[in-house]
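Below: one structure, written as structure tokens.
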Amino acid sequence: MKHVLFKKNSLFSTRFVGGLLLSLAFHSGSVCAQNEPRYNRIASLESSNEMKSYQKDLRSGASFAEKHQRLLLNEGLPQLFIDGNRLDRAGVRQRLEKIFFDSIADSTAYKKATDSAVTQLSALARSEQISINGSINAVLFLGELKDKQGRLLTTATEPLSEIISDDSVTPAVRIAALAGLGKRIQELGASSGENKQVEAATIVPTLNKILSLPVKSLPPIGRDWMQGRALEYSSNLLSILGDKSQELDGAVKSAITILKDSNRAIDLRIRTVVFLSYSANAGITLPTDEILTAADELVKNSLRDVYGIIQDKKFEEEITGLSDMGMGGGGPEMMGYDAMGMPVENERNYLPITYFVRASWRLVTLADSMTRLAQQLDSDKEQYEDRAKLIRSYGVKFYEEPKDASLTSAVETFDPESIVPEANDPESKDPGKETDPETTPKKLSPFKLR
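Convert by adding 780 to the 1-based position in the sequence shown; the result is the number in the numbering used here.
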């Protein structure tokens, strides 16, 4: 069988996260700027005599004195939000860590410096005196700070969790803090430390709170993103927690609630199925039959979602006489040429390829999750496994053959009642009943679309 693999974070790319944060930031209220530091660019600070003196002192093993703290808090951290560095915020974070922390030789001095930075960065996250983008950058830096051994700073975990859980904090800043929490979960997964289960358990309450966020607590896009990421992180924590996976019972209950809510986004509900399937494998008791039934319905919803786009485009073409085929639509120019140079009509595809990629991810993800869930059944196990294989085969087909015909074939297999007859299909007529052409809906009338 051919395999299509989707990375767990394939729809959560860095570019997407950045765009999401900017979108939420631009929809936030304006704020006034904090007093500018004396050095208006990171390069000016790096080359200053003060910075050179700071590094010379701390490389020699000196303690972290008040003058060093002043330079860090008053000149260093403000580089995260001043206008002079706005074009390279990520680069500024890397350079700040290098010039202020890499030069510290003494462990006690290092801890004092990072403790000061954590306190100040937590305040900047909530500050109304700097821009939203500045607060975002401060929180991202908080999530990236490392200890003397090169591991992510454990003393920053609690402040990050507090920012995430604080409803008064701007949504974009909370999302940035969640990204920092995700880095810690990833690091714990690769760690062989003895306290990894204890550290993982401290993160669970924050994920539980995210998954139970009420409807009006965040803008819909922010709420869906945070909950989708919390589901992914919860799945990762299952393997870390091991025999303590019951810590995630609260997350499981919230995931089931999201899954049953037909008003929630399809992709988010699919992510709940993924998390629940891993939870079942970890030994958590679940209503497996209900979840499988919901997953099967999500297959139909996923297909209807994209099939409806095709029907919308066809209906628009019918009533306007215009077509977007070859102008950003789902296929090439309507006319092509065969091997003999004779003009032929190309296959008409209304659905853009990007929609097939998403539909492929949906079906393959649901199929793999259903296979894991079926392992928990005492009866009907083979039936669900066979259905999962069929669903997966169509997911692979969407990826390899992104054509309208591939989608229509899937709808005919899993949801035949949603099929809309083509305009040139013969209609079954009742010989004893005449139709009025003025009142009879057309083939592609919206009254017949399901």
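All C-beta atoms in this analysis are idealised placements derived from N, C-alpha and C, irrespective of residue type, glycine included.
Which word fits residue i, buried or exposed, when buried means at least 16 other C-beta atoms lie within 10 angstroms of its C-beta?
i	result
Asp1148	buried
Val872	buried
Asp947	exposed
Ala936	buried
Glu974	exposed
Arg1172	buried
Pro1196	exposed
Ser1159	exposed
Glu908	exposed
Lys1094	buried
Gln900	buried
Asn1016	buried
Pro1000	exposed
Ser1042	exposed
Val978	exposed
Arg839	exposed
Gly856	buried
Arg964	buried
Asp1166	exposed
Ala823	exposed
Leu1268	Since the displayed the chain opens at 781 and closes at 1230, residue 1268 lies outside it and no answer follows.
Val1053	buried
Ala870	exposed
Which partner residues of residue i appear in the DSSP bridge assignment?
i	result
Leu932	Lys926
To the nearest angstrom, report how far apart residue i and residue j are at their CA atoms.
i	j	result
Asp863	Asn820	8 Å
Lys1161	Glu924	45 Å
Glu1096	Val1176	30 Å
Ile1020	Lys832	43 Å
Ala777	Thr982	Here the chain comprises residues numbered 781 to 1230, so residue 777 is not present and cannot be evaluated.
Ala918	Leu904	6 Å
Leu762	Glu1127	The first residue shown for the chain is 781 and the last is 1230, placing residue 762 beyond what the model contains.
Val776	Ala1060	Missing from the structure shown is residue 776; the chain here goes from 781 to 1230 and no further.
Lys847	Arg954	32 Å
Gln1026	Ile1064	7 Å
Gly962	Thr1068	28 Å
Arg875	Arg1009	28 Å
Pro1112	Ile1099	Caution is warranted here: a pLDDT of 46 is assigned to Pro1112, below 50, making its placement in the model unreliable, and no coordinate value can be reported.
Thr1134	Val1144	16 Å
Leu958	Asn988	13 Å
Ala1035	Leu1146	15 Å
Leu993	Ile912	22 Å
Gly960	Gly969	15 Å
Asp1076	Ala956	34 Å
Would you identify the three-state DSSP class for residue i, choosing helix, strand or coil?
i	result
Leu825	helix
Asp1160	coil
Asn1061	helix
Lys836	helix
Ile862	coil
Lys976	helix
Gly1022	helix
Phe881	coil
Asp1029	helix
Ile1199	coil
Asp886	coil
Tyr1130	coil
Gln909	coil
Arg818	coil
Glu1098	helix
Thr950	coil
Lys1183	coil
Phe806	Reliability of the predicted coordinates at Phe806 is poor, the pLDDT of 45 falling under 50, and the value obtained from them is presented with this limitation in mind. If DSSP states are grouped into helix, strand and coil, Phe806 belongs with the helices.
Pro999	coil
Ser971	coil
Arg1009	helix
Ala870	helix
Phe844	coil
Ser1149	helix
Ala956	helix
Below 8 Å on the Cβ atoms is my guess for residue i versus residue j; work out the distance and round it to an integer in Å.
i	j	result
Ala1154	Ala1139	The pair is not a contact, with the Cβ atoms about 22 Å apart (cut-off 8 Å).
Phe861	Ala893	About 20 Å separates the two Cβ atoms, so there is no contact after all.
Arg1051	Leu1078	Actually they are not in contact, since the Cβ atoms of Arg1051 and Leu1078 sit about 11 Å apart, beyond 8 Å.
Met1150	Leu1072	6 Å
Leu898	Leu920	In the sequence as presented, Leu is not what sits at residue 898; that position holds Val. Going by Cβ atoms, the distance from Val898 to Leu920 rounds to 14 Å, so no, they are not a contact pair.
Pro951	Leu998	5 Å
Gln929	Ser883	The pair is not a contact, with the Cβ atoms about 16 Å apart (cut-off 8 Å).
Phe1194	Lys1080	6 Å
Leu1083	Val984	That pair is no contact at about 35 Å.
Leu743	Leu1131	Here the chain comprises residues numbered 781 to 1230, so residue 743 is not present and cannot be evaluated.
Let me see if you follow: with CB-CB separation under 8 Å, is residue i close to chain E or not?
i	result
Gln1163	This model lacks chain E altogether; it includes just one protein chain.
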